[in-house]
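Written out below as structure tokens is the structure these notes cover.
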Amino acid sequence: MKLLLLFSLLSFNFWAQTFPVDPLSGKIYYAEEVLVKDGPQFDLYHRAKAWFAAGKNKKALQTDDLANGLLVGRNYRFVSVPDGNKAQTYRLWYTVKLEMEDDRYWYSITDFLLEGEQLPNAAGVKAHKSKVPLEALVLTKNGTDPKEKKEILNKLLEKATHKSILALIKELKASML
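Residues -16 to -1, 1 to 161 (mature numbering (1 follows the signal peptide of the UniProt record, and there is no 0)) are what the sequence shown spells out, left to right.
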């Protein structure tokens, strides 16, 4: 319930928000339990599988377990980040884990990587095409204590990726109805 409240607050407070970060791994991590009225596990499983199939990565599924109602897959979506008079387009890779039971499912989205020709980094230097953990581009530690609050380095990148992730979650929920 606390996670659901946190997620709700993050989605409405765009300017002051920070990414939800798993305190153990330090990774950006979105998760929620969703209730579905009259949603048998079998139906939810097939809706989720169709959602994965509609993604850009046609070999997205890494785990496909109908008996236990579990799907895990890796996919990407394009993110456009304003850069002066034009926009830079990147691929935002992510892993989605879906666990399904009758009338409910849980999703978690993590392992975000940004791929592009030129990626901004903390020093403002551009890198050539590579996949870089999103945390390395938008989060930094204050000092050396890993428990200290992280700060956003690149607001435009942070805003664009957060907006894209929220759109991804909205699409997932719509496909599971």
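Where is the CB? At the ideal position from N, CA and C, for every residue including glycine.
Beta-carbon contacts of residue 156 that lie in its chain and below 7 Å, excluding the five residues immediately before and after: What you label residue 156 is simply residue 172 of the sequence shown in a count that begins at 1. Closer than 7 Å at the Cβ level, and outside the excluded window around residue 156, lie 35 and 91.
Enclosing alpha helix (DSSP H) for residue 29 [first to last residue]: The residue you call residue 29 lines up with position 45 of the sequence shown. Element bounds for residue 29: 25 to 37.
For residue 86 and residue 25, the rounded distance between their alpha carbons: For this step, residue 25 is matched to residue 41 along the sequence shown. For this step, residue 86 is matched to residue 102 along the sequence shown. Taking the straight line from one Cα to the other gives about 4 Å.
Proximity of residue 45 and residue 60 at Cβ, strictly below 8 Å: Within the sequence shown, the letter at position 61 stands for residue 45. Within the sequence shown, the letter at position 76 stands for residue 60. Not a contact, by the Cβ cut-off of 8 Å.
Neighbourhood of residue 50 by C-beta, 7 Å cutoff - its chain only, sequence neighbours within 5 removed: Residue numbering aside, residue 50 sits at position 66 when the sequence shown is read from its first letter. Taking C-beta separations shorter than 7 Å and ignoring five residues to either side along the sequence, the partners of residue 50 in its chain run 29, following chain order.
Reduced DSSP category for residue 40 - H, G, I as helix; E, B as strand; rest coil: Here residue 40 refers to the residue found at position 56 when the sequence shown is read from its first residue. Reduced to three states, the DSSP call for residue 40 is coil.
Residue burial classification, residue 19 (beta-carbon count within 10 angstroms, cutoff 16): Stepping through the sequence shown from its first residue, residue 19 is reached at position 35. Under this definition residue 19 is an exposed residue.
Pair within 8 Å by beta-carbon distance, residue 116 and residue 142: Taking the sequence shown and counting its residues from 1, one reaches residue 116 at position 132. Taking the sequence shown and counting its residues from 1, one reaches residue 142 at position 158. Going by C-beta atoms, residue 116 is not nearer than 8 Å to residue 142.
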